[in-house]
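First comes the structure, then the notes that go with it.
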Amino acid sequence: MRNGVLLALLMLSASLAGCTGASDDGGDAEVVDLKVYYDETVGVVEQTWRNGQQTGSQSVALTFDFARVTSTDDPLVAFFVLPGDGRDEIVTDANQTASIEVEYATHGLYALTYGARTESGVEASEEITVRIDLRIDWQDTGTTNPDDASIRVMTDGTQGAERVEVSSTVANIGNVGGILGRAVSATWELLDGSDGLRATGTAQIADGQEETWEGSSGPAEADGADWVLRITLDTDDEQVTVTSIIDVLHAEAESPARPFTSEQSEVDEI
């Protein structure tokens, strides 16, 4: 009986020791209260192309607010963001600024990590997913042979695009007074990186009129070659103007935004 009691006491002692050790190991994780706020986790990179030449590009900027990050008995020395697209982490001095802006110039789904470090080397971090889509604004003016619109589906993220969507308008430029003007037949083809036909459409466009074609297809592999929107005409006697909006879209797998609100301020004060 005595041996049984001793064995029970030893087992209880070992169990308590294990609980104490786990608490001590987890203490560092509780030093930093990582209250980071951000208004957006989604954005669209916009490219402008005119007559086969890129004339503009608008990147996406996401801002992370570290102003309410706190540390217990261990001063904060740095805030950081790892964009997830192969770039090095962006680091700022915690005593100088509490905001980090991350800019994306290419589309993709990115596993972004943000965090804080203390003077003694404690680090707290969190990973979220951000989604960056691509929109191409393409225009050919007064042409008899529209240029192919190249669509970069390869990303800097970990996944390919979910789909490519196209809305394309061909306007048959009217001849002055309607003299000698004729209809033109336009054919749209959305081709993947292997020249496979993903979507197509044809329209007969009267002189001075326009027609719009909409098509979509997916998925597009991350390591695939560029897709192409090709428009061909049945004649080289008529000038047309092509206006296309091409969207490269990713799965809506982004993490929810975490904006700072008045309600959140009340929670932080508790």
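In our numbering, the protein residues as written are 1 to 270. Ideal placement from N, C-alpha and C gives every residue a C-beta, glycine not left out. Just so it is clear, the structure is predicted and the values come from calculations on it, not from any experiment.
Item	Value
Beta-carbon gap between residue 259 and residue 37 smaller than 8 Å	yes
Buried or exposed (CB count within 10 angstroms, at least 16 for buried), residue 286	Residue 286 falls outside the range modelled here, since the chain spans only 1 to 270, and no answer is possible.
Status (buried if at least 16 other CB within 10 Å, exposed otherwise) for residue 56	exposed
Check whether residue 109 and residue 251 have beta carbons under 8 Å apart	yes
Residue 151 versus residue 73: straight-line alpha-carbon distance, rounded	53 Å
Whole-angstrom C-beta distance between residue 45 and residue 106, which should lie under 8 Å	7 Å
Cβ shell of residue 146 (< 6 Å), same chain only, five flanking positions each side left out	140, 231, 242
Integer-rounded CB distance, given that residue 126 should sit under 8 Å from residue 111	About 11 Å separates the two Cβ atoms, so there is no contact after all.
7 Å CB neighbourhood of residue 254 in its chain, flanking five on each side removed	41, 42, 129, 130, 131
Same chain only: Cβ atoms within 6 Å of residue 271, ignoring 5 sequence neighbours per side	Beyond the ends of the chain as shown, which are 1 and 270, falls residue 271; an answer cannot be given.
Buried/exposed call for residue 26, threshold 16 Cβ in 10 Å	Unreliable positioning characterises residue 26 in this predicted model, as indicated by a pLDDT of 46, which lies under 50. The coordinate reading is nonetheless provided below. So residue 26 ends up on the exposed side.
Beta-carbon proximity check, residue 248 vs residue 118, cutoff 8 Å	no
Integer-rounded CB distance, given that residue 135 should sit under 8 Å from residue 245	7 Å
For residue 221 and residue 199, the rounded distance between their alpha carbons	17 Å
Cβ separation of residue 193 and residue 237, assumed to be a contact under 8 Å, to the nearest whole Å	Not quite, the Cβ-Cβ distance comes to about 33 Å (not below 8 Å), so this is no contact.
Straight-line Cα distance separating residue 167 from residue 190	11 Å
C-beta contact flag for residue 63 and residue 79 at 8 Å	no
Span of the beta strand (DSSP E) around residue 114	108–118
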